[in-house]
Structure formats: structure tokens, C-alpha cells
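Quick notes on the structure that follows.
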Amino acid sequence: MCAGPRETMMTLDSRFAPAEIEPRLYEGWETAGSFACDPDSNAQPFTIMIPPPNVTGSLHMGHALTFTVQDTLVRWRRMQGRDVLWQPGTDHAGIATQMVVERLLAAEGKDRREMGREAFLDRVWQWKAESGGTITRQLRRLGASLDWPRERFTMDDGLSAAVKETFVSLYKEGLIYRDRRLVNWDPKLQTAISDLEVENREIKGSLWYLRYPIEGEPGRFIIVATTRPETMLGDTAVAVHPDHPVYGPLIGKRAILPLVGRSIPIIGDTYADPEKGTGAVKITPAHDFNDFEVGRRHNLPMPSVLDRQAMVTLAEIEDELTAVPGVADPAFVRTLAGQARFAARAAIVAELERLELLDKIEPHTNQIPHGDRGGVPVEPLLTTQWYCNAGVLAKPAIEAVETGRTVFVPKQWENTFFAWMRDIQPWCISRQLWWGHRIPAWYGPDGTVFVAKDAEGAAAQARDHYGHDEPLVQDEDVLDTWFSSALWPFSTLGWPEKTKEVDRYYPSDVLVTGFDIIFFWVARMMMMGLHMMGDVPFRTVYIHGLVRDERGQKMSKSRGNVIDPLELIDNYGADALRFTICALTGPGRDVKLGASRVQDYRGFITKLWNAARFCEMNGMRPDPAFDPARATLPLSRWLLDSVNTAIREATDALEAYRFDEYAAAGYRFVWNTFCDWFLELAKPLLAEGADPADAAEIRAVGAHVLGLILRLLHPAIPFVTEELWDRFGYGEPCSLIGAAWPEPAVVPDAEQARAELDSVARLITLVRSVRSEMNVPPSKPSPVLLQGAPAELLGRVDRWIDAIRRLARASDVRPLAGEVPKGSAQAVLDETTVVLPLEGLIDIAAERARLSKERDKLAADAKKVSQKLGNADFVSRAPEEVVAENRDRLEAAQSEIARLQAALDRLG
RNA sequence: GGGCGGUUAGCUCAGCGGUAGAGCGUCUCGUUUACACCGAGAGGGCCGGCGGUUCGAAUCCGUCACCGCCCA
Numbered sequence: 001m002c003a004g005p006r007e008t009m010m011t012l013d014s015r016f017a018p019a020e021i022e023p024r025l026y027e028g029w030e031t032a033g034s035f036a037c038d039p040d041s042n043a044q045p046f047t048i049m050i051p052p053p054n055v056t057g058s059l060h061m062g063h064a065l066t067f068t069v070q071d072t073l074v075r076w077r078r079m080q081g082r083d084v085l086w087q088p089g090t091d092h093a094g095i096a097t098q099m100v101v102e103r104l105l106a107a108e109g110k111d112r113r114e115m116g117r118e119a120f121l122d123r124v125w126q127w128k129a130e131s132g133g134t135i136t137r138q139l140r141r142l143g144a145s146l147d148w149p150r151e152r153f154t155m156d157d158g159l160s161a162a163v164k165e166t167f168v169s170l171y172k173e174g175l176i177y178r179d180r181r182l183v184n185w186d187p188k189l190q191t192a193i194s195d196l197e198v199e200n201r202e203i204k205g206s207l208w209y210l211r212y213p214i215e216g217e218p219g220r221f222i223i224v225a226t227t228r229p230e231t232m233l234g235d236t237a238v239a240v241h242p243d244h245p246v247y248g249p250l251i252g253k254r255a256i257l258p259l260v261g262r263s264i265p266i267i268g269d270t271y272a273d274p275e276k277g278t279g280a281v282k283i284t285p286a287h288d289f290n291d292f293e294v295g296r297r298h299n300l301p302m303p304s305v306l307d308r309q310a311m312v313t314l315a316e317i318e319d320e321l322t323a324v325p326g327v328a329d330p331a332f333v334r335t336l337a338g339q340a341r342f343a344a345r346a347a348i349v350a351e352l353e354r355l356e357l358l359d360k361i362e363p364h365t366n367q368i369p370h371g372d373r374g375g376v377p378v379e380p381l382l383t384t385q386w387y388c389n390a391g392v393l394a395k396p397a398i399e400a401v402e403t404g405r406t407v408f409v410p411k412q413w414e415n416t417f418f419a420w421m422r423d424i425q426p427w428c429i430s431r432q433l434w435w436g437h438r439i440p441a442w443y444g445p446d447g448t449v450f451v452a453k454d455a456e457g458a459a460a461q462a463r464d465h466y467g468h469d470e471p472l473v474q475d476e477d478v479l480d481t482w483f484s485s486a487l488w489p490f491s492t493l494g495w496p497e498k499t500k501e502v503d504r505y506y507p508s509d510v511l512v513t514g515f516d517i518i519f520f521w522v523a524r525m526m527m528m529g530l531h532m533m534g535d536v537p538f539r540t541v542y543i544h545g546l547v548r549d550e551r552g553q554k555m556s557k558s559r560g561n562v563i564d565p566l567e568l569i570d571n572y573g574a575d576a577l578r579f580t581i582c583a584l585t586g587p588g589r590d591v592k593l594g595a596s597r598v599q600d601y602r603g604f605i606t607k608l609w610n611a612a613r614f615c616e617m618n619g620m621r622p623d624p625a626f627d628p629a630r631a632t633l634p635l636s637r638w639l640l641d642s643v644n645t646a647i648r649e650a651t652d653a654l655e656a657y658r659f660d661e662y663a664a665a666g667y668r669f670v671w672n673t674f675c676d677w678f679l680e681l682a683k684p685l686l687a688e689g690a691d692p693a694d695a696a697e698i699r700a701v702g703a704h705v706l707g708l709i710l711r712l713l714h715p716a717i718p719f720v721t722e723e724l725w726d727r728f729g730y731g732e733p734c735s736l737i738g739a740a741w742p743e744p745a746v747v748p749d750a751e752q753a754r755a756e757l758d759s760v761a762r763l764i765t766l767v768r769s770v771r772s773e774m775n776v777p778p779s780k781p782s783p784v785l786l787q788g789a790p791a792e793l794l795g796r797v798d799r800w801i802d803a804i805r806r807l808a809r810a811s812d813v814r815p816l817a818g819e820v821p822k823g824s825a826q827a828v829l830d831e832t833t834v835v836l837p838l839e840g841l842i843d844i845a846a847e848r849a850r851l852s853k854e855r856d857k858l859a860a861d862a863k864k865v866s867q868k869l870g871n872a873d874f875v876s877r878a879p880e881e882v883v884a885e886n887r888d889r890l891e892a893a894q895s896e897i898a899r900l901q902a903a904l905d906r907l908g
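Sequential numbering of the first sequence, starting at 1, is according to the working numbering.
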């Protein structure tokens, strides 16, 4: 639980201890219901649907990135008073989960086929019950403020109802249908997969040149080049380009298919590229996507010669095996039956070589399609599968992005989206798996299909169709996991029930995800959302990059460079990890991240903690009655004005999804403004003997601004900010999460305060710089004499004398009356010459060098500017204010040069 | 082959028409009572090459090179 009032006044430890604090605060928020949306509220909703992680999963760096970004947005909007729904849940991840459980079974010496479907599914559910909570527990450690009671699972009853409703509805519209065509078949997993689940890998292989005898013309051959000799058993044609000078005339003749002895036509088709290989290609319609199209165009037979395990099967060509002396031997072909495809390849090549039908072999590198899960080459296979007509569904989705109803951030990703959507292919949605949404289709004895939400519905349809009851068998297959994911933005809200959540939270505001998932998920949610709900599923799609290791390498188990976010949280705290992620997440960029980066940014968390400790030690306490508009001290006003800027920067950055700028704005303000200047300048005002009224105001302002800092940074670093908020008693325990996002406040005379503090800071920095360059030890304070200082500066110096003494190690600061003492160090601040009498302490030669360097630098600058101003075109064409600015610059440089020169002259 | 992104300080990256920036690292100095996970100061860049547009280019256009992704 959160720190109670009792602890509020306790002295802060010198170190922030995330491991002790984070779990307690998270539990405090969660039990208080701080993450919950309120469907009955009047506030404007803000909705983000979590990309549901796989139930099999555990938190990896990619999750850490995406959920940090989302949590930052969600916490910020919540503080702005929006009714936030951040919808949690997990995905059943069909293939991935089935593989995990099958591996577990294999370790026990069991096989799912032996167990049977029902027992296997029981086992998966059991496994889900045991391990499914891992990732949600880990998300809590990251600090993700998800509305947990609303957690959904893609296989739960409600979401299954949404899947059935959608399937039936699309089927009725003809947008879901069965088709027999080539699919990408994964022979290892033995299921069809979609185009997207295929990844091409470059493999060094060979190009085999095979000699096919021309029928009726002994001794004459047509040479075909192929990368897949083993499929030749299923060849049903040889194709050549109609304009091919040598082979073109052969069109219309026939060739004898070696080994098989089948007579096949030589056809003309522009698919045959005259430049590639020999210009002639074998056509195997059942085992190659391009050949399939050729086969369709030419009405070719399409025998399959590889089965579902990618082993040779002769069932469809058995009858055609014909002995042709020197060309085909059925006995040899029969030995191939049951051989794995690559073994069969070797045997076939050897046989062709023996028959002198192998012309040559060339080394050849080509792209081999692999299943992304199974990792083995995909085999195009002729099967009947369920398809979704993505072409029709894509059109409104394309239009929605074109017209800006949904906007991608960064915008360039819209091109990626368009490119895919405009050329989208039918989506194969059936999978030969057990774990997943079973396809709601039933078959009668004659194969008639009845699609309905349940068995009763199908039975009723069958009764109408047959005129009596017939036994029906449900389709064995399940749906592609992405089918249910596509419905996530509305299925989680209770659809197809009419719920107030659907009304209120659909469409969602932002979808946050990686570019690798635009096709798999974003595009499909767009299609399904628009079709089923009549509106886009989200207004904005924020696309972030990938997390890479420190060297920019993709993280992978095989590379051994995987970083575990939980380990980083253990070592540095969730805040440090989150802040690092925010700081490194620029638009359209991958995030290079390693432990050392997190360690660096942990320094910021510690800095904030220590600044708060200082505030506490100096009696800064929240005062609800404090009115910033009534602050009188320039330091107060300057700080209040600065924090206004920080608030604007942070808010603008978050509006623009610039997490790097948001983090930088917070970092800069806390470290460079609040700590380096405000707290340092405040020290003399808080010291013993200082004016009590001034001290009181500084305490109040400090506490006020610390409170603003905590609110400003809470979205990125929720734990440390909440802990400090609670300890200081800014609000009830665990209330920062619900505190209002800061707004800039009116600061009277801000301009004046800025000018004053700015010139004091510049003077201090200048003196520090001179002392450091002259190697004056800090233990030796020096007087600071001001020559030609305007009254305004002298007044400021007077007001800040204590701070200047302390920060610039000045023994005294006063106007210079008379000559510059011998052996002084000098520097120029606007119209003032700053003199440090350090006779004996400084090296005159070094001082001369320093001043000359300074003068030369300015002279170079002045020269550049004066050249510019000497250019008539510049003066006449550049905007007036730019010209004026340059004139001012030249003037300032010239007068500074004169003062530096005077200082040099004094050195003698 | 087509497309996208990148190339800026040693490293990681901002900046995307008007004087080159930050963080980290480096070097020097420091027992200043919040913080050494600190403070102060300094050094460090033909903004990938070549053309062009412009009074003015890291920034816009063209082109080339290299790196990384995506699609065929």
C-alpha cells in the first residue's frame, strides 16, 4: 500500500529503493481502482486497446517499449481528466501455443494425435490456467495501469461469440468462402498458413538444367532450367516465351517427361522469361504458384506429387507411369514413393544424370519461402481452405486512411499500409490446428456446407435443405489467430452484445504497435472494424520501432544478445527502464538499448530523489493555499516562468507522440533549471539569518514547483513520483495518478525576472569559466570587479551577492573604481568588463592567450556577419528582422572585441 | 528489380531554410553540509560525396556511395 500519513514526515532515505517501493505502490493503485474506466462518467473517453500479448509469452524488450509508451499516454490523459480505458487481455496465439504445449507433451513422451482433440485441448486450457498469468504479472511490474478487471482473452466466451458472429455474417455476404487452390503449406506443422506467415530466406542452391526429349524427334531435346527438380514428376507442360528464337517454334509440339514417361505439351506463355535459364521452364501447377496460374490459363492437369508431409506420393500419377527406354523407368519412380522431398531430389538428379538427361548444374542463390513458425521451407499445396475476400474489405480501409479518418504517426507508414492493401490477396483463414476458434461450418453427408453460429443453427439449415434431419460433421479446422485479433477493438467491449462500452469506447483513440505488425494486425482491424462496426477502429496509429541491442543488432536467442526487461527492472527499477525508453523513442527510429543506457538514466531518477530530499530538509512542504501569482521574489517568478515553459514543452511533446522530447523537457527542467540554478540560488535565501519572509516564499515556491515536477513526470516515471508525492503529502496516498496535469500559470513580471536571473547566471558562469581556465583553485576566492557595469547589473549583483559569492567563489563583487590591477584576469559580459585581481595566481601568458582566442573567435564571427551585411542581395532580399538581427550581432561582437582588446592592452 | 528509412562531436541521437545542439564518454579542477548515480569548467564537428535551387542549405531538389529494413 501507499505511504500513510504516519510516514509522510519521515526523512527520505539517501537512495531511492525501487524494489521496495514499486510493488507496494502498484498494489495501492490497483486496489484503489485507479486504473478503472468509468462508463457512466461525463468525461471525454480516451481509449487504447492493448495489443494482446501471446498467453505463451513473457515480457520482452519489445513489450517493455510498447507498453511504456502506452502507459505514458494513458497516465497523461488520465491526469488530463479523460475517462481512460486501457483495455488489457491476451491472445490465444494458435500456432505458438499449440507448439509450446506439444513440446511439453513430447517431453512426457506423448503426442497430441494419440491423445485426441478433446484431451489435447483440455491440456492446453490447463496449461493456460497455470502459465497464462505470467505476462500480466510482468506488466504490473513495469507499472502498466491497465484496467485489469476488464481483462479479456481471445478464446473466452464473449470473444468467441464475436468470432462466430463475424464469420457467419461475412459468409452470408460472400466475403468468406471455400476455395481449392494452392496454399502455403507448412509441412512441419502440417497446416496451411497465410502469405504473411511466409518469410523468404536467401539460400545458396543450384539451378538444374534438364533435358526433356521432344516427342517424335529422337535425339532432340528442350532444356528446362529448374530450382526444384523433385517436382518434375508433377510436370504437365513445358512453357516457352512465344517470341523465343529457338524454342518459340516448338510451341504445339510435345515433350516426353523423363522418369514418368508422360507426354506433355510445349506451350507458349509469357511467364517463361527468355532471359532466364534456357528460356524454357517446366510447369508443375500443383507445386508452384506461378505454374499454377500458367496451368489455369492453359487448362493443364494439376497432379500433386508431394503429400502433406512433403514426401513423394504417386497416387495421382500412378496410372501415367510409362516405361520409355533410356528416358523413363516406372520401377525407379516407385522407389521414390514416401521419400522426403530433398532425398527425392537427390535421387531424381542422380537418375537423370545416369540417363544423360542432366545437361548441367549451376550454382544459384534464390529466395526460398519458409514458414515463420515451423522454420522449414513451405510447400505450395493444392487444398481446399477457407478464404476471406480481403480485396473487398480493403477498399474502405484504404479510403479511411486516405481521407485521414485514421492517421498514422509517423505518416510515412501510410505508404507501407497502402502498398500492401492495394495489392492484397485473398486471406487464407483456415488452419489445420486444434487450438483456436473452430470454424463454425458443418457438412452434410453429401458435403453440403452449413455455416451457423452453433450446431443447432446448422442442423436447422440442413433440415430445410434436405427436408429431414441428417447427421452433420463440423469442420475440423480452426481460424487463423489474426482473425480474432482483427475483432479485438470491439469484441473486447462486449460486441456483438449492445453494450454501453461499445457505444462509448469504440472507436479507440490510439493504437500503439510496431511496424512489423501493420499487415498482420493493423490492416485487418481496419478492415473488420469498418465492415462490422461501420467505423474505423482507431483514430491514430502510433508506430514505434524495434528494440535492438547496444550495437544496433536485432535481439535474438541465437545471437545471445537478448536483454531481459525484468532483469533491468530488478537492477535499476521500472522507472529507470521506462524513462530510458521514453528518452530513446524518437519518431520512426529503432531503439538501441542496453543495461548501460538504463544505468545512465537511473542517474536522473536518483537526481530527482535527492532534489526532493533537499527540499524536504529545507522545510519545503506543500501548501494548498500558496498562490503562485502572488510570488514576489524574482527567483520565484523566474522559476515559475521556467516551469511554465517545461509544462508547455512536455504537453506539446506528448500531443505529438514525441516521447524523446517529453523526457528531455523533464530532464532539462529538473536537472539544469531546478537543481543547478534554483536550488543553488535558493540556498542563501534559506540559510540562517536570511529574511524569514523570503525564505518562506522560497519554500512555498519550491514545494509548489516540486509538485508540478512530480505531476509532469508521473506518466513516464510513475513510481518515484508517486512515492515522493505521498511522502510530501501533496495528496492522499496513491493520489498522484489521479492528480491534474499541470497547466501554465500567469507569472507577473516574468520578463523582468528572466532578465535578472539570466544576467546573474551569466555572470556566475563567466567567473567560473575564467577561474577554471586560469586554474584558480576553488579554495581561493577572488574579488570580482566590474568595470563599466550599468546600474541595472550592479543592482542585481547587490541582490544576489550571497549566491554569487557562493557559486562563483567570489570574495566580493563591486564596481571597479580606477585602474585595472596588475595581473588581473579579465572577461567581457555585454558592456561590462569583469576583472578578477589575481596577481601572482595567474599566468600572464596564459591569460593573454585566453583573451586572444576569445577575441579571435568573435572577430571571425564578426567578419562573417559583416560580409553578409555587405551583400546587397542579402540586405534587400532577406526578411527585415533577419537583417536587423545580424546588425545587432555585428555591433555586439565589435564592442566585445574592443573590450577584449582593451583588456589585452592592459596586460601589456 | 521496386519501395522505405538512415549517414551530424568518440558513442547514442535531436535539429530539417537564417550564428552547429543534447545526453553519455573524454580531459582538468573540486572534502561548496541534497546528490561522487555529484558539482564546475574545457576540448571535440569540411552535418557521407558531388552537383543544383536560394541573398542564405545540415535543413529543399537531383545524383552517387555505403548501412539497415520491407516487398517481388
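All residues carry an ideal CB built from backbone N, CA and C; glycine is no exception.
Classification of residue 465 by the beta-carbon crowding that lies within 10 angstroms, buried from 16 upward
Exposed, since its Cβ has fewer than 16 Cβ neighbours within 10 Å.
In this structure, how does DSSP classify residue 431 when only helix, strand and coil are distinguished?
strand
Give me the DSSP bridge partner(s) of residue 644.
Per DSSP, none; premise fails for residue 644.
Looking at the structure shown, is residue 15 part of a helix, part of a strand, or coil, going by DSSP?
In the three-state DSSP reduction, residue 15 falls in the coil class, being neither helix nor strand.
At least three beta-carbon pairs within less than 8 Å, the stretch 560 to 574 to the stretch 625 to 644:
Short answer: they don't touch.
Own chain, CB closer than 8 Å to residue 174, minus 5 neighbours either side, in chain order:
389.
Straight-line Cα distance separating residue 369 from residue 920
A question about residue 920 goes unanswered here, because the residues of the chain that appear run from 1 up to 908.
Rounded to the nearest angstrom, what separates residue 944 and residue 496 at their Cα positions?
For residue 944 there is no data in the structure shown, the boundaries of the chain being 1 and 908.
C-beta atoms of residue 770 and residue 836 nearer than 8 Å:
Against a cut-off of 8 Å, the Cβ pair of residue 836 and residue 770 comes out as a contact.
Which listed residue (573, 758, 259, 240) has its alpha carbon closest to that of residue 266:
For residue 266, the nearest C-alpha among the options comes from 240.
Ends of the beta strand (DSSP E) at residue 268?
263 to 268
Whole-angstrom C-beta distance between residue 536 and residue 400, which should lie under 8 Å
Rounded to whole angstroms, the Cβ separation of residue 400 and residue 536 is 5 Å, and the two are in contact under 8 Å.
Just to confirm, are residue 757 and residue 834 a CB contact at a threshold of 8 Å?
no
In the stretch 181 to 240, which residue ranges form an unbroken beta strand (DSSP E) of at least 3 residues, counting only runs that do not cross its ends?
191 to 193, 198 to 213, 221 to 226, 237 to 240
With DSSP run on the structure shown, which of helix, strand or coil describes residue 546?
coil
Roughly how many angstroms separate the alpha carbons of residue 558 and residue 564, rounded to a whole number?
15 Å
Following the continuous beta strand (DSSP E) through residue 365, name the residue where it begins and the one where it ends.
358 to 371
Residues in its own chain within less than 8 Å of residue 72 by CB, not counting five upstream and five downstream?
578, 582, 654, 659, 662, 715, 716
Stretch-stretch touch, CB-based, cutoff 8 Å, three pairs: the stretch 55 to 73 with the stretch 12 to 32
no
Within a Cβ cutoff of 7 Å, which residues of the same chain sit near residue 25, ignoring the five residues on either side of it in sequence?
2, 719, 722, 723, 734
Option in 745, 603, 126, 179 with minimal Cα separation from residue 98:
126
Taking the Cβ atom as the reference point for each residue, do residue 59 and residue 547 lie within a distance shorter than 8 Å?
no
Which complete alpha helix (DSSP H) runs does the stretch 664 to 693 hold, if anything under 4 residues is left out?
Taking only runs of at least 4 residues, the alpha helix (DSSP H) segments lying wholly in the stretch 664 to 693 are 680 to 686.
Determine whether the beta carbon atoms of residue 394 and residue 424 lie at a separation below 8 Å.
yes
Start and end residues, alpha helix (DSSP H) containing residue 727
It spans 718 to 728 - the alpha helix (DSSP H) in which residue 727 sits, taken as one unbroken run.
Would you decide whether residue 63 is buried or exposed? Buried here means 16 or more other CB atoms lie within 10 Å of its CB.
buried
To the nearest whole angstrom, what separates the beta carbons of residue 382 and residue 180, a pair I think is in contact under 8 Å?
Sure, about 7 Å apart at Cβ, within 8 Å.
Following the continuous beta strand (DSSP E) through residue 379, name the residue where it begins and the one where it ends.
379 to 388
By Cβ distance below 6 Å, which residues in the same chain neighbour residue 797 in space, the five residues on each side in sequence not counted?
813
Given residue 760, which residues of its chain have a CB within under 6 Å of its CB, disregarding the five upstream and five downstream residues?
796, 800
Residue 890 to residue 848, Cα distance in whole Å?
24 Å
DSSP on residue 809, reduced to helix/strand/coil?
Reduced to three states, the DSSP call for residue 809 is coil.
Alpha carbon to alpha carbon, how far is residue 745 from residue 650? Give it in angstroms, no decimals.
15 Å
Find out if the Cβ-Cβ distance for the pair residue 91, residue 44 is shorter than 8 Å.
no
Fully enclosed by the stretch 506 to 578, which alpha helix (DSSP H) runs are 4 residues long or longer?
For the stretch 506 to 578, whole alpha helix (DSSP H) runs of length 4 or above, ordered along the chain, are 523 to 528, 565 to 572.
Since residue 466 is in the alpha helix (DSSP H), which residue starts that stretch and which ends it?
Start and end: 455 to 466.
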